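Worksheet for the structure shown next.
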Amino acid sequence: MTAVSLDALDLAALLCSRVCHDVISPVGAIVNGLEVLEDEDDISMKEFALDLIKKSARQASARLQFSRLAFGAAGSAGAEIDLGDAEQVAKGFIHDDKLSLQWNAERRLLPKNKVKLLLNLILVATNAIPRGGRITVDVDFGTSVAETRIVVSAQGPQARIPVNAQELVAGRSASGEVDAHGIQAFYTGQVARAAGLDVDFSIDGDIVTIKADPVTPESA
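Heads up, the sequence shown is in our numbering, so the first residue is 15 and it goes up one at a time.
Structure follows, in structure tokens:
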């Protein structure tokens, strides 16, 4: 594996591409619904279109709010984020017939990079259970902020560690490059290092566990 070399402009471009990809689908559905309202006279079709518009608008809003916290600046340097806000946007994002979210972290302020990492680990976890299931979030605050530990587990049929996720989170890839498909996992690793946390993956049966522990001298 080769260390990935990516400049700031390419990182920003790839992350923007990722966010746009997540929002295109519900926005496209809103446009389709509006076209139906304009062209159809059938009452049942208009009702269907309105339901589609409402559902898609909620989905687009939830994805944008999630992305704002997971990828955005979220305040000035050194800012803290309320875990209650993170829980709210995560539950809005996970609102799906196939996925459920169990949030076991109490509400308190944490440095923004630790919260951003938590949200990005949730994104990685969704890719671990392509057929759906349950994602569980646990946070151990320890005796100080520096001792904070994050555990995100994904349980579902045919659970597997996402392809190339471990390497990309560690900042490596076979080619030394990263594309729009893998940029989120790569970014997750960058946020983890900025937060002073080391990410580790494991799988046991139908459960994939992703742990973020404080970096120790041995793991640094």
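The beta carbon of each residue, even a glycine, is placed where N, CA and C say it ideally should be. Only a predicted model underlies this, so the values are computations on that prediction, with no experimental measurement involved.
{"Item": "Same chain, Cβ closer than 7 Å to residue 181, five either side skipped, listed in chain order", "Value": "15 and 187"}
{"Item": "Residue nearest to residue 142 in terms of C-alpha spacing, selected from 158, 127 and 173", "Value": "173"}
{"Item": "When 68, 184, 29 and 146 are compared against residue 41, the one with the closest alpha-carbon", "Value": "68"}
{"Item": "Proximity winner among 191, 166 and 190, relative to residue 214 (alpha-carbon distances)", "Value": "166"}
{"Item": "Cα-Cα separation between residue 201 and residue 183, rounded to whole angstroms", "Value": "7 Å"}
{"Item": "First through last residue of the alpha helix (DSSP H) which encompasses residue 105", "Value": "97-108"}
{"Item": "Segment contact, 8 Å Cβ cut-off, at least three pairs: the stretch 27-47 with the stretch 71-78", "Value": "yes"}
{"Item": "Proximity of residue 159 and residue 131 at Cβ, strictly below 8 Å", "Value": "no"}
{"Item": "Simplified DSSP state of residue 113, which is helix, strand or coil", "Value": "strand"}
{"Item": "Alpha carbon of residue 129 to alpha carbon of residue 140, nearest angstrom", "Value": "17 Å"}
{"Item": "Top-ranked residue by Cα proximity to residue 135, from 44, 176 and 45", "Value": "176"}
{"Item": "Three-state class that DSSP yields for residue 164 in the structure shown", "Value": "strand"}
{"Item": "C-alpha gap between residue 119 and residue 106, whole angstroms", "Value": "16 Å"}
{"Item": "Separation of residue 115 from residue 170, as counted between CA atoms", "Value": "12 Å"}
{"Item": "Rounded straight-line distance, which links the Cα of residue 196 to that of residue 20", "Value": "13 Å"}
{"Item": "Own chain residues within Cβ distance below 8 Å of residue 199, not counting five before or after", "Value": "138, 176, 178, 179, 182 and 183"}
{"Item": "Cβ pair residue 228, residue 210 closer than 8 Å", "Value": "yes"}
{"Item": "Outcome for residue 45 when other beta-carbon atoms lying within 10 angstroms are tallied against a minimum of 16", "Value": "exposed"}
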